[in-house]
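What follows is one structure encoded as structure tokens, with my remarks underneath.
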Amino acid sequence: MELNISQCVKYFSALLKGLPPSFEQQEIILTNLVYFSVNSLALLGALDSLDKETKDQIIEWIYKQQVHAPLSGGFRPSCIHETPDHKVEESHITMTYCALAVLILLGDNLERVEKDRIFAELKSLQLPNGTFMGHHLGSEADLRFTFCAAAICALLGSNGDLNIDSAINYILDCQTYEGGFAHEPGQEAHGGATYCAISSLKIWGAIDRIKDKQALAYWLSQRQDDGFNGRTNKLTDTCYSFWIGAPLKTLGWFDDFVNKERLTTFIFSNYCGHGMFRSNSTAAPDLLHTHFSLVGLSLCGFPGLEQIDSVLGLVSKHLPERIRKITQSN
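Read in order, the letters of the sequence shown correspond to residues 31 to 360 in my numbering.
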């Protein structure tokens, strides 16, 4: 199996120059799409394929998404809701994480990031039970946004004035009888929720507080068929190469539990040409699954790909030492 790196680079580079009409409905997650594209180029060792002018344009576009006072601190998905009076430009915790990630990957010094306002926003998004909402306009609250809060803390090097112990206790309460973690207490164990739980606990130094590591190990070990699935009795999907593979790597279990040859074969069975991957044989290729397929190959140590930081999902070599000390500590 051989990865056509040049095709992948061409695909992501083209997306950063301008999205086709088929992406119109994804304007509400545009910062997320930029993150997928930039991180994928970093995985391919091809960030330098972007000239300085292009990198600067991306950085300036990201800063244009920063929401200023008197509105909530952080970053928004795109300019889609921009109005002359700036009354509806709500930031979103996931977009704030993605924006900071892109800035760091591109070597920005974050001096223009309004850090105090971001931490004030995070504090306002934390609920009494410890978890976080994504925004203030009717958002859900679960481990997805708890991870984003933890990741933002890692990227900015501070926990602000958050109630970290309460957040940790909420995460621990999300472990199910199966061993994996659910998005909320009492729900079904899920691969994405388990990634969010393990990464958040790692960032906040609470891995050793997991209630039942043996059950967690068993549940994670049962996710592989050829590729990984995300829940019991569900189909395999290339995106779970990351959602399941990353917590296994973070916990130090990846090499013992994962059949890398079978996983790699599954990922390549979903390569569709032109640098794109799909979720499984029934689906069309897309940006998200292309990104996570490459991350899965990186976790397997596939030649030609950079090493991924399993906690944050970002390419390790582009992370400052201060961040690596948090995510790679014992």
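For glycine and all other residues, C-beta sits at the position ideal for the given N, C-alpha and C.
The model shown is predicted, which means the values in this text are computed figures rather than measured ones.
Mark Lys232 as exposed unless 16 or more other C-beta atoms lie within 10 angstroms of its C-beta, in which case mark it buried.
-> buried
Helix, strand or coil at Tyr301 [DSSP, three-state] | strand
Classify Ile338 as helix, strand or coil using the three-state DSSP reduction.
-> strand
Whole-angstrom C-beta distance between Tyr127 and Cys178, which should lie under 8 Å | 4 Å
Backbone CA spacing between Gln358 and Ser346 [nearest angstrom] = 10 Å
Start and end residues, alpha helix (DSSP H) containing Ala150 = 145-155
C-beta contact flag for Lys40 and Gly305 at 7 Å | yes
Reference Leu281, options Ser340, Gln205, Asn263, closest by Cα | Ser340
Pick helix, strand or coil for Gln96, following the three-state DSSP scheme.
-> strand
Among Phe105, Ser67, Ala150, the one whose alpha carbon lies nearest that of Lys47 = Ser67
Skipping 5 residues on each side, what residues in its chain have a beta carbon closer than 8 Å to that of Ile297?
-> Gly257, Thr268, Ser271, Phe307, Ser323, Gly326, Leu327
Would you be able to state if there are at least three C-beta pairs under 8 Å between the region 91-110 and the region 143-151?
-> yes
N- and C-terminal bounds of the alpha helix (DSSP H) containing Val68 = 60-73
Spatially closest choice to Ile123 from Asp138, Gly334, Arg147, Ile134, by CA coordinates | Arg147
Starting from the Cα of Ser70, find the closest Cα among Asp81, Glu90, Leu45 and give me that residue.
-> Leu45
Starting from the C-beta of Arg354, find all residues in its chain whose C-beta is less than 8 Å away, skip the five residues before and the five after it, and write them out in chain order.
-> Asp339, Ser346
First through last residue of the alpha helix (DSSP H) which encompasses Asn199 | 194-203
8 Å contact criterion, which Ile198 and Trp249 should meet: CB distance rounded | With 8 Å as the limit, Ile198 and Trp249 do not qualify as a contact, their Cβ atoms being about 20 Å apart.
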